[in-house]
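Asks: Line by line, the protein sequences give chains A and B. Numbering-wise (the working numbering), the first sequence opens with residue 252 and increments by one. Numbering-wise (the working numbering), the second sequence opens with residue 889 and increments by one. Note that CB positions come from ideal geometry on N, CA and C, so glycine has one too.
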Amino acid sequence: MKRADALSVIYAELEPCVVVTIMGAVAAELHALGHRPNFFYLEHAMGLASSMGLGIALSRPELTVVVLDGDGSILMNLGSLTTMARYRPPNLIHVVFDNEVLLSVGQSFTTATACGSDIAAMAAAAGIPRTSTVHTVEAFQQAFCEALQAGELTTLVAKVTAQGPTSYFIDVHMLENRFAFQRYLTSPRPPAGSG
Amino acid sequence: MPVSTAHSQLIYTALKQCGVRLLSALPETWLVHLVALGEADPDMTLVRLAKEEEGVGISAGAHLAGVKSAMLMQNHGLLASANGIVSLAQLYRIPLLMLVSYRGEFGEEHPWQTEGGGATEPLLQALRIPYERLEAPDHVAPRILKAQALAEASLRPVALLLCRDLMWEDEV
Chain A
252 MKRADALSVI
262 YAELEPCVVV
272 TIMGAVAAEL
282 HALGHRPNFF
292 YLEHAMGLAS
302 SMGLGIALSR
312 PELTVVVLDG
322 DGSILMNLGS
332 LTTMARYRPP
342 NLIHVVFDNE
352 VLLSVGQSFT
362 TATACGSDIA
372 AMAAAAGIPR
382 TSTVHTVEAF
392 QQAFCEALQA
402 GELTTLVAKV
412 TAQGPTSYFI
422 DVHMLENRFA
432 FQRYLTSPRP
442 PAGSG
Chain B
889 MPVSTAHSQL
899 IYTALKQCGV
909 RLLSALPETW
919 LVHLVALGEA
929 DPDMTLVRLA
939 KEEEGVGISA
949 GAHLAGVKSA
959 MLMQNHGLLA
969 SANGIVSLAQ
979 LYRIPLLMLV
989 SYRGEFGEEH
999 PWQTEGGGAT
1009 EPLLQALRIP
1019 YERLEAPDHV
1029 APRILKAQAL
1039 AEASLRPVAL
1049 LLCRDLMWED
1059 EV
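1. So A:L453 and A:P340 are supposed to be a Cβ contact under 8 Å. How far apart are they, rounded?
2. So which of B:E1003, B:E940, B:L903 has the shortest CA-CA distance to B:L922?
3. What does the alpha-carbon distance come out to for the pair A:M425 and A:V270?
4. Look at the alpha carbon of A:V411 and the alpha carbon of A:E389, and state the distance between them as a whole number of angstroms.
5. Per the contact definition of three or more C-beta pairs closer than 8 Å, is the segment 279-290 of chain A in contact with the segment 972-990 of chain B?
6. Within its chain, find whatever has a CB closer than 6 Å to the CB of A:A336; leave out the 5 residues flanking it on each side and keep chain order.
7. Going along chain B in order, which residues have a C-beta closer than 8 Å to the C-beta of A:R339?
8. When you compare each of B:G992, B:K956, B:A894, B:Q1036 to B:E1003 by their alpha carbons, which one comes out closest?
9. Between the segment 297-320 of chain A and chain B, which residues of the former have CB atoms less than 9 Å from a CB of the latter, in chain order?
10. Relative to the alpha-carbon of A:A279, which residue among A:Y338, A:G415, A:N342 has its alpha-carbon at the smallest distance?
11. Span of the alpha helix (DSSP H) holding A:L305?
12. State yes or no: is the beta carbon of B:H951 nearer than 9 Å to at least one beta carbon in chain A?
13. Give the residues of chain A in contact with B:A948, contact being defined as C-beta atoms less than 7 Å apart.
14. Rounded to the nearest angstrom, how far is the Cβ of A:A367 from that of A:M327, given a contact under 8 Å?
15. List in chain order: all unbroken alpha helix (DSSP H) runs of 4+ residues lying wholly within the segment 411-442 of chain A.
16. Could you tell me which residues DSSP puts in a beta bridge with B:L987?
17. So within the segment 902-975 of chain B, which uninterrupted beta strand (DSSP E) runs reach at least 3 residues, ignoring any that extend past its ends?
18. Can you list the residues of chain A that B:A938 reaches, using a CB-CB cut of under 7 Å?
19. Which residues bound the beta strand (DSSP E) around A:D349?
20. Can you look up A:L329 in the DSSP assignment and give me helix, strand or coil?
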């Protein structure tokens, strides 16, 4: 499965959600589908996207928060799996795109998931109540929609090919993104989206 | 326990005065009363961390979502959080209120705490983080409130160093 295809099949579902992505390919590919003010691209601070998502989910239980993480990023902050599991916000969906490599620095530096480390199993062992690993776009779409319906903390690992976008350019400055995202979150009437 | 209960209460009251509703913490001895106060407070979300840097992400999320937060950690936790502070809180202009127990100064009896003491203020200076020391009870409320005011106005991290003379009641 290509990550870009996986993103495209859940793009419509993301409209009413609060979305935090990691940097690089995930951010660029989501942005390429069409930027929205409820999307925040964490362009640095590898590992902290899941922590940010947890902070938002705990602060705003009425919102559904989707974190779009990666194998390299979550491996930098495995403790976050235990912290998410401990507080278990039912409004948090943690998606991990696992391409088994640190893609933005080339194809050569594989992560430990290329050698058998299993992120969904680690998430389950950390205590996250719903976990799964999917290998096809169809299975990903179904698992993501089920997670939205479930109303329970979920880590969904999507095994994707190590293939990035042709361009990593994002036509939204980091601070522009940050302030617009904050405004979206704190506006007196939070946008209800299409749902 | 010679950790000051009264001074911990003063600090907690000042955090409440600042409007803090989420406290992320990785406790050490000096912080046990503060963590317990957070735990007992139904209006406070206490997040017990596995590693301090997570707290930077959690506070950033809380801030963008409209909730005031603070981090409670030891100075060694500050050292462990340096990249998150730079690459998230500073890069994205997040007002991060950090309360840091300052181990390794004069009076420190534990050899393993001593290296961190010498690195703490130089690190804060290198990161251009405004900070003040809380050494006496009359420092607590005004300095915490002013630190929060600067954090909110500048949209940058600030630190308060919880010093031995405030936190620890040496047995005489």
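Replies: In short, the structure shows the following:
1. With chain A running from 252 to 446 in the structure shown, residue 453 of chain A is simply not present.
2. Nearest of B:E1003, B:E940, B:L903 to B:L922, Cα basis: B:L903.
3. Using only the alpha carbons, I get a separation of about 15 Å.
4. In a straight line, the C-alpha of A:V411 is about 13 Å away from that of A:E389.
5. By the C-beta criterion, the segment 972-990 of chain B is judged not to be in contact with the segment 279-290 of chain A, since fewer than 3 inter-stretch pairs fall below 8 Å.
6. Excluding positions up to five away in sequence, the list reads A377, G378, I379.
7. Within chain B, no residue comes near A:R339; the closest Cβ sits about 12 Å away, beyond 8 Å.
8. With distances taken between Cα atoms, B:E1003 lies closest to B:G992.
9. The residues in question are M297, G298, L299, A300, S301, S302, M303, G304, L305, G306, I307, A308, L309, S310, R311, L314, V316.
10. Among A:Y338, A:G415, A:N342, the Cα nearest to that of A:A279 is on A:G415.
11. Residues 300-310.
12. Output row for B:H951: interface = yes.
13. Correct list: M303, G306.
14. Reading the sequence as shown, one finds Gly at residue 367 of chain A and not Ala. That belief does not hold up - the Cβ atoms of A:G367 and A:M327 are roughly 18 Å apart, past 8 Å.
15. Listed in chain order, they are 425-437.
16. In the DSSP output, where bridge partners are listed per residue, B:L987 has B:L960, B:L1048.
17. Runs found: 910-913, 933-936, 957-962.
18. Think of a sphere of 7 Å around the beta carbon of B:A938: the chain A residues whose beta carbon falls inside it are G330, T333, T334, in chain order.
19. From DSSP, the beta strand (DSSP E) with A:D349 extends over 343-349.
20. Reduced to three states, the DSSP call for A:L329 is coil.
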